[in-house]
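Chains as they are written, first to last, in the UniProt record's numbering: chain A, 1 to 169; chain B, 1 to 791; chain C, 1 to 265. The beta-carbon is built from N, C-alpha and C at its ideal position, and this holds for glycine as well.
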Amino acid sequence: MKSELDIMLTVDGAEERTTVEPRMLLIQALREKLGVKGPHIGCESGRCGACTVLVNGEAVKSCMMLAAQADGAKITTAAGLAAEDGTLHPLQQAFHEHHALQCGYCTPGMLCAAMDLLKTNPKPNENDVRQALRGNLCRCTGYQHIVDAVLSAAGTLGSGASAVKGAAE
Amino acid sequence: MNAPDLNTAQRAETGKHTGKAMRRMEDMRFLTGRGRYVDDITLPRQLYAHFIRSPHAHARILKINTEAALAVSGVKGVYSAEDLHGTRDVPPNWVLPGSQVKGRPALAREIVRHVGECVAVVLAESPEAAADAGALVDVAYDPLPTVFSASDALKENAHKVHGDLPGNIATTFKTGNGGYEEALEKAGREIAFSLRNQRLVPFPIEGRAVNADFDPATERLTFYTAHQIPHMLRRMLAGALGFPEHKLRVISPDVGGGFGPKMHFYPEELTLARLSCLLKRPVKWTERRSENVAATTHGRDHEMEVRVAVQNDGKVLGLKLDSKANVGAYLSSMGTGVPTINVALFALGVYAIPHSDVTITCAYTNTTPVDAYRGAGRPEAAYMIERVMDRVALELGLDPAETRKRNFVQPDQMPYAQPTGTTLDTGEYAMTLDLALKNAGYEGLRKEQEEARKKGRYLGIGFSNYTETCGMGNGYLLQFVGFDRGGYESAVVRVHPDGRATVLSGSHSHGQGHVTTFAQIAADELGIAPEQIEVLQGDTDMIPFGIGTFNSRSVPVGGSAVKVAAGRVAAKMRRIAAHLLQCEPEKVLVEDGIFKAADGNGTVTVERVAHAAWTGHDMPYEMGIGLEETEFFHPQSMSSPYGAHIALVEVDPETGEVELKRYIAVDDCGVIINPLLARGQVHGGLAQGIGQALYEDAGFDAQGRPALEPSIPRFDMLPRFETDHTVTPTPTNPLGAKGLGEAGAIGAPPAIVNAAIDALWSLGVRALDMPLTPERVLTSIRNAANKETEV
Amino acid sequence: MYQFDYHRPASLKEASELLKNCDEAKILAGGQTLIPTLKQRLAMPSDLVDLGALKELSFIKAEGDAIMIGAATPHADVAVNADVRKHLPSLAKLAEGIGDPAVRHKGTIGGSLANNDPSADYPAAVLALDAKIHTTKRLIEADEFFKGMFETALGDDEIITEITFPHPKRAAYVKFPNPASRYAMVGVFVAETPMGIRVAVTGAGQEGVFRVKEMEEALAKNWSADAISGIKVPVENMLSDLHGDAEYRAHLVTVIAKRAVAAAI
């Protein structure tokens, strides 16, 4: 039996202490130890991005990182993006407005990847978005509504966007 | 370019809420990381399963050594076929009459027939212990000869996948009215070629997941599963398990994408249900991606030889199709139906082709079972007939759009019975194609193509005018093709005493947005806001019955059930309101939850009406208690959505890369309930169709192992789509809606391949197979060049 | 994953000791290849030595005619670093084209080189630019470092500390990626440095990254795409997989090398 490790994570603002096996992945610690179910597992190779979270503000695939590596880190998941009063983050709101999610399984990771983009490039164009989010697979949307949502949140949604007529405004 | 999106969606009459791009009410939990999928559910005394799978495509199991595995701390047991006595094989439930049925064993007995087949299962107190023990289960195999493709399996000396089944034939299906040779004589010209729909891995981002929970106190089995058709699964599971159906509760919570494979019944489900009953503990299993690519059903894998008799003016007089479909090692749920009925009936597409002769043979092979995947047979049919149309045009030097127009079934011929067996209910194909041509700026594109060619650049334009049928029904007809499910959908609409409503639906959303669209439909009937309506689904204890979500049927059939049930509740509310307002029910108007008489001053609220209905106060006795109606909407026949798609590609002749520069889609799915969600469905289908055309392949290696990482399209691999609609309502249901979830996946592959061939036609390239990998395209260019020099 | 012990040394010395004293220790440099490998139970180390706390290994310095990059520097830092973009824009572009942002945040240059995946990008840059690889024990020349697929000159307890790149007169990296994984099917790094002209190819060779001397000689005489358009690499040394067979890869090497020459600045 290998020695277990005590780790401390700040997850969506809350300090959490837990004990993990050295081999436990960050995604497993979040889901199984801390009950944080937003990030999902969609592959074994790190190619799908459904587990993406922000580790100290940077997008990381939490299935490609050991929980032990994250000891002391600040983790943000989709559940931590909204304001305390429940008001959605502008990016979440844009996802809603642009129908940027269908089954919702990739969405928490997608939001974190997009947050990372907007931090490093607050005014992206369409190509920037497509490049920055390429590590996150979605099998439902064909991506266009997600692109529009991210551009809209950044205020860079141009005339090429998918106009929605017949909206119930 | 600015897509003129959604501008025709309003052409049909819609209501206050239907026809509007309402934002989804179900979004909030997903956006805040609070979706609830099967893996999120962990029960007290939870056990975890880890399956041991065959690494061989065909082998005899000599010995399963579990000693080391059982020694791992936390292991409850290791189970193989002999531990599951009394469990039948997983039966298919669409079996074409005359088929040779080989169902999937829960756990393999003696022989394994495909890579990934379940051989044994470890149950343990933690997923880690289960996996650790799983790595220690030692199975000795004696490999046997293999066969992977349908054409190889149908060769005379092919080895047998099932020892007692000579020839490996699962079924043969023939249709059409014959007369091809006469048509050829009359037409004077024949075009013949072969095509292939490669095998695809459906790849929902959430794999399958199960938590089977037998409760010895109540003797009930609660079965959580990521599924598209919970009631059908309950029936299939109860049957195979020998478990009373009324004691079996299937719950399908949030589901992370379906695309077909999550409507089938699987060995893992049967095994875990049995073991939960035996051990009286909940057993959970979450599929890993490597299991998903090997053991969850695949799609397509269909080889075709097509010949058409064509006149010099491009009119096609006859079509002869001879094709071979790979069903895999066992028949999955719809294994013999999808590659036969769903292909053959649509072989003539939207064209009036007088003579046809279709033969489809389904073969067993040592591969993962093949079953419905987005489009399910119709993509194979559309790919063939649409490749034919562009090929005819290119061979004859005609315009492909004009060639199609010369062959279209005309609006005044509707409903049109195709001699292959389907009936097209509606369609104004030329109108839809013209809108696509206009949106594409077709004439300009041809000029651009010409200019580019002068500079050594290869642009190509490809077309696709697919059709399909959706909204599967009716049951009486379905029995004749061996489809052992009903052709209806259920809805319960209940208005509560506070005036809010619940809709229960037998459909099941795995991303489609039923919670919103069904609320829009009910809201229009009930005269209350959609936000006042909650749509519930996915629990067989709660929903009367259901057929579920597949075949783009949720809106046309499930939505129609909601409309009819809500309409009946609304009628009763009007009667009660009329009594309260002291006017005739016909005079009662309702809007935003307020009833008023058309010619009077008084109003009553929906709460007052509902209170009367549920208390019997202020209401004549004869009206009866309650505001609840159940509808099993059962369409007489199916609807025929269709569309016109145009692809613009550029091929790099140095590397063989195909760049999809533009994709123009005009779809006609009849009346649209929510144009925003409809567009989401079109986009998603296109992504999968483009994926098939350009990137995806199950990619078996020489040992029959599928590729671990199929090339699923990413953000930077797809263009911005230009979508639009025409609206020809269907008469087959009260919504006039036809369904469109599969449209993009059906329409896109031929449009793109046609475009690539158009780009390279002048270089002598006549055919290309999917996916259009750079290597494959470059090889075609080089082969064509070599041929040229030989001549 | 099999079980292992985890260590997060605070110094290089401690890290070296751990590597020496543990049974079958592996270095965790970023983990973007190692962790998926462990998940598939394809490796069974007794211990993982995480270099994540060694901040002294994460740096980019420009001194004189050289750029020094610490071994634990993530790809994302290389991609945006002002000195790299100024003196070695080809390397910044290479780093920007690796995987996706999440991978670039964790993956490190030292990890990539030590792994020497045949379709990784960095080996092409190191070989073409004739970079120097500094370790806890010595300095290794690029030509001596790569020893075939997944093989390097590194000893078991040897840790890469720094890679020193010269300022090239001109250089470019052009990659023909697998569209989904973005691994190089063929990647060609061409460079003219004070030490000479080099052409290094990744993604294509059975033995991992390799130089095409014939192209180097041709370019030395005439720096132009035309000068190498007739030079083919031997098909029998090429990789072959689902995405492209050996013949296709050999063809691509010439096509992509021409494009790299044309793009070199």
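Keeping to the same chain, check which residues put their C-beta closer than 8 Å to that of residue i; ignore five residues upstream and five downstream.
| i | result |
| --- | --- |
| C/Arg41 | Met1, Tyr2 |
| C/Pro234 | Ala250 |
How about residue i and residue j: do their beta carbons lie closer than 7 Å?
| i | j | result |
| --- | --- | --- |
| B/Asp498 | B/Glu628 | no |
| A/Thr77 | B/Phe30 | no |
| B/Ser323 | B/Thr297 | no |
| residue 810 of chain B | B/Pro216 | As shown, chain B starts at 1 and ends at 791. That puts residue 810 of chain B outside it, with no answer to give. |
| B/Tyr642 | B/Gly427 | yes |
| B/Leu728 | B/Asp668 | Just to set this straight, residue 728 of chain B is Thr in the shown sequence, not Leu. A contact, by the Cβ cut-off of 7 Å. |
| C/Asp157 | C/Leu19 | yes |
| B/Leu317 | B/Ser356 | no |
| C/Phe165 | C/Asn116 | no |
| B/Leu676 | B/Gly513 | no |
| residue 266 of chain C | C/Ser46 | With chain C covering only 1 through 265, there is no way to say anything about residue 266 of chain C. |
| B/Leu424 | B/Ser640 | yes |
| B/Gly684 | B/Val777 | no |
| C/Ile160 | C/Ile133 | yes |
If we define contact as Cβ-Cβ less than 7 Å, is residue i a contact residue for chain C?
| i | result |
| --- | --- |
| B/Met717 | yes |
| A/Val150 | no |
| B/Ser505 | no |
| A/Glu126 | no |
| B/Thr655 | yes |
| A/Lys2 | yes |
| A/Ala50 | no |
Say whether chain B places a C-beta atom closer than 7 Å to the C-beta of residue i.
| i | result |
| --- | --- |
| A/Thr107 | yes |
| A/Thr76 | no |
| A/Gly72 | no |
| C/Ala180 | yes |
| C/Ala244 | Rather than Ala, the amino acid found at residue 244 of chain C in this sequence is Gly. Closer than 7 Å to some Cβ of chain B, the Cβ of C/Gly244 qualifies, so yes. |
| A/Cys112 | no |
Leaving out five residues on either side along the sequence, give the residues of the same chain with a beta carbon under 6 Å from the beta carbon of residue i.
| i | result |
| --- | --- |
| C/Leu252 | Phe176, Val186 |
| C/Ile69 | Ile60, Ile109, Ile163 |
| B/Thr359 | Lys174, Asp322 |
| A/Leu88 | Ala82 |
| B/Gly747 | Ser464, Tyr466, Gly643, His645 |
| A/Glu15 | none |
Under 7 Å Cβ to Cβ from residue i, same chain only, skipping five residues before and after it: list those, please.
| i | result |
| --- | --- |
| C/Ala263 | Ala172, Val174 |
| B/Met431 | Thr726 |
Verify the CB distance criterion: does residue i have a CB-CB separation below 7 Å to chain A?
| i | result |
| --- | --- |
| B/Ala49 | no |
| C/His87 | no |
| C/Met1 | yes |
| B/Glu659 | no |
Measuring from the CB of residue i, is there a heavy atom of the ligand COA at a distance below 6 Å?
| i | result |
| --- | --- |
| B/Thr225 | No copy of the ligand COA appears in this structure; indeed no ligand is present at all. |
Query raised in the report: Does the stretch 710-724 of chain B come within contact of the stretch 678-695 of chain B, defined as at least 3 CB pairs closer than 8 Å?
Result: yes
Requested in this report: Just list the alpha helix (DSSP H) runs in the stretch 61-102 of chain B, keeping only unbroken ones of 4 residues or longer that don't cross its boundaries, in chain order.
Outcome: 67-70
Query raised in the report: Between the stretch 395-411 of chain B and the stretch 206-216 of chain B, are three or more C-beta pairs nearer than 8 Å?
Result: no
Query raised in the report: Does the stretch 129-149 of chain A come close enough to the stretch 62-72 of chain A to have 3 or more Cβ pairs within less than 8 Å?
Result: The stretch 129-149 of chain A, when compared against the stretch 62-72 of chain A, does not touch it at the 8 Å Cβ threshold.
Query raised in the report: Are there three or more Cβ pairs, one per stretch, closer than 8 Å when the stretch 472-480 of chain B is compared with the stretch 536-546 of chain B?
Result: Using a C-beta cut-off of 8 Å, the stretch 472-480 of chain B makes no contact with the stretch 536-546 of chain B, since fewer than three inter-stretch Cβ pairs fall below that distance.
Query - the stretch 65-81 of chain B in contact with the stretch 237-252 of chain B per 3-pair CB rule at 8 Å - result: no
Report task. Flag this pair as touching only if the stretch 360-370 of chain B and the stretch 574-586 of chain B have three or more C-beta atom pairs under 8 Å; answer yes or no. Result -> The answer is no - the stretch 574-586 of chain B does not touch the stretch 360-370 of chain B, with fewer than three Cβ pairs under 8 Å.
Report task. Answer yes if the stretch 219-226 of chain B comes into contact with the stretch 272-285 of chain B, meaning at least three C-beta pairs across the two stretches below 8 Å, and no otherwise. Result -> yes
Query - Every unbroken beta strand (DSSP E) within the stretch 631-669 of chain B, with a cutoff of 3 residues, ordered by chain - result: 642-651, 658-668
Query - Start-end ranges of the alpha helix (DSSP H) lying completely within the stretch 396-427 of chain B, minimum 4 residues - result: For the stretch 396-427 of chain B, the continuous alpha helix (DSSP H) assignments of 4+ residues that do not extend past its boundaries occur at 400-407, in sequence order.
Query raised in the report: What are the uninterrupted segments assigned as alpha helix (DSSP H) that are 4 or more residues long and contained completely in the stretch 27-96 of chain C, given in chain order?
Result: 34-39, 75-80, 82-87, 89-96
Query raised in the report: Where are the alpha helix (DSSP H) runs, 4 residues long or more, that stay fully inside the stretch 467-524 of chain B, in chain order?
Result: For the stretch 467-524 of chain B, the continuous alpha helix (DSSP H) assignments of 4+ residues that do not extend past its boundaries occur at 475-478, in sequence order.
Report task. Could you name each continuous alpha helix (DSSP H) segment of 4 residues or more that falls completely within the stretch 100-182 of chain C, going from the start of the chain to the end? Result -> 101-106, 109-115, 122-128, 142-145
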